[in-house]
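Presented below is the structure to which this report refers.
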Amino acid sequence: MTFEQVLIAARNNKDYRALIESIPYAQLIGLQALEQNQRADEPSTPRFYLPKNPNNIGNPILPAIHGGVIGGFMEMSASLHLLMTMDSVAMPKIIDFSLDYLRAGRHQDTYAECQVWRQGNRVANVAITAWQSDIDQPIATARAHFLLV
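The opening position of the sequence shown corresponds to residue 1 in UniProt numbering, with each subsequent residue numbered one higher.
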C-alpha cells in the first residue's frame, strides 16, 4: 500500500496504527495516537501518547526523557494531527518549530495535544502541549508552522 492509501484507510477507520507504523521515527520512540472525544456533539480529536520507554531516557540519574525525544514526539504529533484532520493526503512539511521546556520530562507516560490556530491554503500554524500525569502541568509547549502542498 502507498502512504496515501494507508492515510485514507486510517482516516476512514479511525485507526492510525498503520499510519504511525509507516513512519520510522514514530515507531522508534513508540508514538501512539488515541481518539479523544470532547463532547458527544463534537468530532473526536487525536491525542498522542508516548509510553514509558527506557530507550528514550536522556538523563539516567533523574531519570528523564531525552529533550530531543520530547521535541521529536511533539513535532511528529503536530504532523500527524494535520494528516488526520486535513483533507489533503500530502505530508505537511515543517517550516519552523519552537519549543519551550517547562519542567523535566520524567521517565513516565507522556501525552500531547495539538491545536491548529490557523490553516490557510499553504501554511498551517499548530500549537502543541505535552504533559505527563497532569494536563494542567505541561512539561513542554511548542509552536510549529507547516507548508501544506
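No residue lacks a Cβ here, since even glycine has one placed at the ideal position from N, Cα and C.
(1) Ala-140 and Leu-99 - do their beta-carbons sit closer together than 8 Å?
(2) Can you find the residues in the same chain that come closer than 8 Å, C-beta to C-beta, to Val-6, ignoring five residues on each side of it along the sequence?
(3) Restricting to Cα atoms, I'd like to know which of Phe-48, Pro-24 and Thr-85 is closest to Gln-32.
(4) Do you know how far the Cα of Asn-125 is from the Cα of Arg-118?
(5) Cutting at 6 Å between CB atoms, please list the residues of its own chain near Leu-34, excluding the five before and the five after it.
(6) Cβ atoms of Phe-97 and Ala-26: under 8 Å apart, would you say?
Walking through what the data contain:
(1) yes
(2) Ala-18, Leu-19 and Ser-22
(3) Phe-48
(4) 5 Å
(5) Arg-47 and Tyr-49
(6) no
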